[in-house]
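Enquirer: Residue numbers for the sequence shown follow the working numbering, beginning at 7 and rising by one.
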Amino acid sequence: MSARVVWLVAAVAGVIAAIVIVAPFFSPSSDRPAGPAGFAGEPAPVYALRDDAGMPVSLAHYRGRIVVMNLWGTWCPPCRAEMPELQRLADTYASRGLTVVGVNQGESAQSARAFATALAIRYPIWLDDGQQYGRAFTALGLPTTVVVGRDGIVVHGYDGALTYDQLRAAVNGLAVTR
Numbered sequence: 007m008s009a010r011v012v013w014l015v016a017a018v019a020g021v022i023a024a025i026v027i028v029a030p031f032f033s034p035s036s037d038r039p040a041g042p043a044g045f046a047g048e049p050a051p052v053y054a055l056r057d058d059a060g061m062p063v064s065l066a067h068y069r070g071r072i073v074v075m076n077l078w079g080t081w082c083p084p085c086r087a088e089m090p091e092l093q094r095l096a097d098t099y100a101s102r103g104l105t106v107v108g109v110n111q112g113e114s115a116q117s118a119r120a121f122a123t124a125l126a127i128r129y130p131i132w133l134d135d136g137q138q139y140g141r142a143f144t145a146l147g148l149p150t151t152v153v154v155g156r157d158g159i160v161v162h163g164y165d166g167a168l169t170y171d172q173l174r175a176a177v178n179g180l181a182v183t184r
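1) Out of GLU48, GLY179 and ALA167, which has the shortest C-alpha to C-alpha gap to PRO149?
2) Going by DSSP, which residues form a beta bridge with HIS162?
3) With a 10 Å radius around its C-beta and 16 neighbouring C-beta atoms as the bar for buried, classify ASP134 as buried or exposed.
4) Determine the extent of the beta strand (DSSP E) in which ARG56 is found, giving its start and end residues.
5) According to DSSP, is GLN111 part of a helix, a strand, or is it coil?
6) Suppose you measure from the CA of MET75 to the CA of GLY155; what does that come to, to the nearest Å?
7) Would DSSP call PRO51 helix, strand or coil?
8) In the structure shown, what three-state DSSP assignment does ASP97 receive?
9) Which residue marks the beginning of the beta strand (DSSP E) containing TRP132, and which one marks its end?
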């Protein structure tokens, strides 16, 4: 085979590879919003994690309850500002079938527990060492909050800190029933 044929085959292969790699960037975008909001209507992923005391936990244990899952880190100032609002939500709606769960993204149990204790947080703190939920919900940053309905389906997803009024609005139609 001549050098010219080899170069021609290599050039054609290069063009095909470039098209395959670049084409997705020019295809029509999905109607699905970016980040956790795009998961509304889909089943929430369920991972086996541990809480800050080392006990196994899973979203599956909360089926039949509304879950406000908040992904956070100790290094995140907006997380610090939002956590008391989440505790207030947990206190207000606990009797109506709502649970708030704080999912620490990649930090030690000691760090997560100390941070939550300093803020007087009493809702469950889970440890997501591998940041599975952050990847699953394509979190664009922290905090990220996902509201999961009683049936395990994502109802809402938010990137960024929420106020108590925003949190209440996100769960009101869900939490006041039953």
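From the three backbone atoms N, C-alpha and C, an ideal C-beta is built for every residue, glycine too.
Being a predicted model, the structure only gives us computed values, none of them experimental.
Expert: Once the coordinates are examined:
1) ALA167
2) Looking at the DSSP assignment, HIS162 forms a beta bridge with VAL153.
3) Its Cβ being crowded by 16 or more others within 10 Å, ASP134 is buried.
4) Per DSSP, ARG56 belongs to the beta strand (DSSP E) from 55 to 57.
5) strand
6) 11 Å
7) Three-state result, PRO51: coil.
8) helix
9) Where TRP132 is concerned, the enclosing beta strand (DSSP E) starts and stops at 131 to 134.
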